[in-house]
Amino acid sequence: MKTYVLQDENGQIKTTYSIAPGLDYPAVGPEHSYLKDTKRVEYVSVKDEEAIEAFEILSKTEGIIPALEPSHALAYAIKLARNLSKDKVIIVNLSGRGDKDIDSYLKFKGISL
Amino acid sequence: MREKLFDSKRSALICYIIPGYPDYETSLKLARILLENGADALELGVPFSDPIADGITIQKASYKALISGINLKEVIKFARILRKEYSAPIYLMSYLNPLFKYGYEKVAEEMRDSEINGAIIPDLPVDLFDDWYRICEKFNLETVLLCSPSTSLKRIKMIESKTTGFIYLVSIFGVTGAREYFPEYTFNFIAKVSKNTRKPIVVGFGISNPLQVKEIMKYDVDGIVVGSAILRYFEKERK
């Protein structure tokens, strides 16, 4: 089983960056590579700003602080919902809570308490 | 009777160096010095960004070579230069991804053309070895597989069946790096493999002094690999 890896033309693994620590890794689980190759799952990317915005929206509207990892998924769900009719249902897997990410959030916003 | 390594009557000394460390010219000189002073074979380390099996000495050296621009292609070129001057066996020590990215077929062809004997790939387990095995067969390269003190006898047999060069015994639970002495389990492990295979066996990781080698040689070992100790000695002498 092989997996997708962020690498340069010589096969050297690249260093990574993500505002979400759980995504700060140059590869993915091989299951994801398999799901991509079998076209069961379509993968998209989301920027820091968008994830932060989704983090704020869910916190303010639902009182739930999402982890920064699923905040990426929420950001995409919000984007996707704009193009769907109102009666469509979207399920987001909120895989973790954002208490752990408050420091990262404040740093990103340049807020000091 | 076990097959003999390099058709030699005595056990082989395999020296590990990294092309490009501390710089290209010096590493070439080091290779020549080793081959002219008792090394039976060379193992050339391909610098890699994630050297999971290596301790601090090789990690640092590998990183230095990597940022100086040494890659798989350069290491093969390095071997080709040595091959014009020496007939001693030369192996590549490379993690899988650089080989995979380069393409098995392409790298094997270039290895054959440069008369490199084979590649040691520490992160390619026997379960996933078939593709590389077929390519080695096609390009007449030796295969080398690794086993560790936790490898079961059943797995050692699997490893043996895919080995055309030698079996590389990782002496300890841990990474490369010079050690003063080995724990007891190292010798139990070597004895176990030695008794249960007909393929040549080579012990590596942590070998830094003659006493360790003497102990290892009690178990009918065909060769040893010394790497970090050479790099460390070399650094000390340079200073």
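Sequence lines, in order, name chains A and B. When we follow this note's numbering, the leftmost residue of the first sequence carries the number 1, and every step to the right adds one. When we follow this note's numbering, the leftmost residue of the second sequence carries the number 1001, and every step to the right adds one. Using N, Cα and C, we set each Cβ at its ideal position, and we do this for glycine too. Given the structure is predicted, the values throughout are model-derived calculations rather than measurements.
Query                                                                                                                                                                                    : Result
DSSP three-state call for alanine 67/A: helix, strand or coil?                                                                                                                           : coil
Mind checking whether serine 1049/B and isoleucine 78/A have CB atoms under 8 Å apart?                                                                                                   : no
Nearest to tyrosine 105/A by alpha carbon, out of Ala27/A, Thr16/A, Glu50/A?                                                                                                             : Glu50/A
Starting from the N-terminal side, write out each stretch of the alpha helix (DSSP H) that is 4 residues or longer and does not extend beyond the segment 1072 to 1149 of chain B.       : 1072 to 1085, 1096 to 1102, 1104 to 1113, 1130 to 1138
Since tyrosine 1233/B meets chain A, which of its residues come closer than 7 Å, beta carbon to beta carbon?                                                                             : Neighbours of tyrosine 1233/B on chain A: none; closest Cβ ~28 Å, over 7 Å.
Of the residues Ile1070/B, Ile1014/B, Phe1166/B, which one's Cα is nearest the Cα of alanine 1041/B?                                                                                     : Ile1014/B
Going by DSSP, which residues form a beta bridge with glutamine 7/A?                                                                                                                     : Ile13/A
With DSSP as the reference, label arginine 97/A as helix, strand or coil.                                                                                                                : strand
In the segment 1167 to 1239 of chain B, which residue ranges form an unbroken alpha helix (DSSP H) of at least 4 residues, counting only runs that do not cross its ends?                : 1184 to 1196, 1210 to 1217, 1228 to 1238
So, at 8 Å on beta carbons, what are the nonlocal neighbours of threonine 1176/B in its own chain, with the 5 sequence-adjacent residues on each side left out?                          : Ala1053, Asp1054, Gly1055, Thr1057, Ile1058, Gly1204, Phe1205, Gly1206, Gly1227, Ser1228
Can you tell me whether leucine 1030/B is helix, strand or coil according to DSSP?                                                                                                       : helix
Would you say leucine 1141/B and tyrosine 1168/B are within 8 Å of each other, going by their C-beta atoms?                                                                              : no
From the beta carbon of serine 1161/B, is the nearest beta carbon of chain A less than 8 Å away?                                                                                         : no
How should threonine 1143/B be labelled, buried or exposed, when 16 other C-beta atoms within 10 angstroms of its C-beta is the threshold for buried?                                    : buried
Could you name the residues that DSSP lists as bridge partners for alanine 1012/B?                                                                                                       : Gly1223/B
Are there 16 or more other CB atoms within 10 angstroms of the CB of leucine 1030/B, so buried, or fewer, so exposed?                                                                    : buried
Compute the Euclidean distance between the alpha carbons of lysine 1154/B and leucine 1092/B, then round it to the nearest angstrom.                                                     : 27 Å
Quick one: is glycine 11/A near chain B, going by C-beta distance under 8 Å?                                                                                                             : yes
Under 8 Å between beta-carbons, which chain B residues line up against valine 5/A? List them in chain order, please.                                                                     : Asn1097
Determine the closest residue to leucine 1099/B out of Lys1009/B, Gly1045/B, Pro1183/B, with distance taken between C-alpha atoms.                                                       : Gly1045/B
Got a sec? Which residues, its chain only, sit under 6 Å from tyrosine 1095/B by beta carbon, not counting five neighbours each side?                                                    : Phe1048, Asp1123
At a CB-CB cut-off below 7 Å, which residues of chain A make contact with lysine 1101/B?                                                                                                 : Gln7, Asn10, Gly11
Anyone know if the C-beta pair for arginine 1002/B and threonine 1197/B falls short of 8 Å?                                                                                              : yes
For a cutoff of 8 Å on Cβ pairs, would you count phenylalanine 1048/B as touching chain A?                                                                                               : yes
Just checking: is the beta-carbon of leucine 1066/B within a distance shorter than 8 Å of some beta-carbon in chain A?                                                                   : yes
Taking C-alpha atoms, which residue in Ile1190/B, Ile1116/B, Gly1103/B lies nearest to isoleucine 1081/B?                                                                                : Ile1116/B
Evaluate contact between the segment 1216 to 1226 of chain B and the segment 1003 to 1013 of chain B, counting only Cβ atoms and requiring at least three cross-stretch pairs below 8 Å. : yes
On the DSSP letters alone, give me the boundaries of the alpha helix (DSSP H) that alanine 54/A sits inside.                                                                             : 48 to 62
Measure the C-alpha to C-alpha separation of glycine 96/A and isoleucine 1067/B and round it to an integer number of angstroms.                                                          : 38 Å
Residues in its own chain within less than 6 Å of tyrosine 44/A by CB, not counting five upstream and five downstream?                                                                   : Note on identity: in this sequence residue 44/A is valine, with tyrosine being the wrong assignment. Contacts found: Tyr76.
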